[in-house]
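First residue of the sequence shown? That's 392 in this note's numbering, and the numbers climb one at a time after it.
This report refers to the structure that appears directly beneath it.
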Amino acid sequence: MTASTRKTSAQALSTTAGIVTAIAGSALLYAPTRLGPLIGLTSKRDAQLVGVLDLALSPGLMFGRPQWPWLAARAVSNVATGAFTLRRAKDGASRRNARVFSTLLAAATVTDLRAVRALARTTA
């Protein structure tokens, strides 16, 4: 894979991540009691907090130039969100959901960091 191809793929990943993050953030902000429990958050306020964080990152992921700092910020926020969700889960079902969600965030973080590396190399 050439550097140009890696950059284009990483840029597409950042834009896609921004769209997904905006949708997830909006959903958690506007329907926190319905969607929060799906990720292990039973508190309305906790789910809205995660939604606001997602919405804060999404414009940079989609439109920020360079994109790699935004992907790096998302990677950090994924780790923080996963830890927060695991910490706030209260019962068996919410703990299970929080573990699944945190695992998905970990996978997204690995992908984000690979894209950060590709984008940072091409802008250096």
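A virtual CB, placed ideally from N, CA and C, is assigned to each residue, including glycine.
Under 8 Å between C-beta atoms of residue i and residue j
i, j, result
"Gln-439", "Leu-419", "yes"
"Arg-465", "Ala-408", "yes"
"Leu-446", "Ala-422", "no"
"Ser-474", "Lys-398", "For the sequence presented, residue 474 should be read as Ala rather than Ser. For Ala-474 and Lys-398, no; Cβs fall outside 8 Å."
"Gly-431", "Thr-476", "yes"
"Leu-404", "Ala-506", "yes"
Whole-angstrom distance between residue j and residue i, CA atom to CA atom
i, j, result
"Leu-495", "Thr-502", "11 Å"
"Val-411", "Leu-462", "13 Å"
"Gly-483", "Pro-428", "12 Å"
"Thr-393", "Leu-504", "18 Å"
"Ser-468", "Gly-442", "12 Å"
Own chain partners of residue i with C-beta closer than 6 Å, once the 5 adjacent residues on each side are dropped
i, result
"Pro-457", "Thr-514"
"Ala-511", "Trp-459"
"Ala-401", "Ala-506, Ala-509 and Leu-510"
Residues near residue i in its chain [Cβ-Cβ closer than 8 Å; skip 5 each side]
i, result
"Lys-481", "Thr-433"
"Ser-449", "Gly-409, Ile-410, Thr-412, Ala-413 and Gly-416"
Enclosing alpha helix (DSSP H) for residue i [first to last residue]
i, result
"Ser-400", "394-421"
"Val-513", "It should be noted that the sequence gives Thr, not Val, for residue 513. That run of the alpha helix (DSSP H) goes 483-514."
"Gln-458", "From DSSP, Gln-458 is part of no alpha helix (DSSP H); its letter is neither H nor E."
Contacts around residue i, its chain only, beta-carbon distance under 7 Å, and the 5 residues preceding and following it disregarded
i, result
"Val-470", "Thr-500"
"Asp-437", "Gly-427 and Arg-479"
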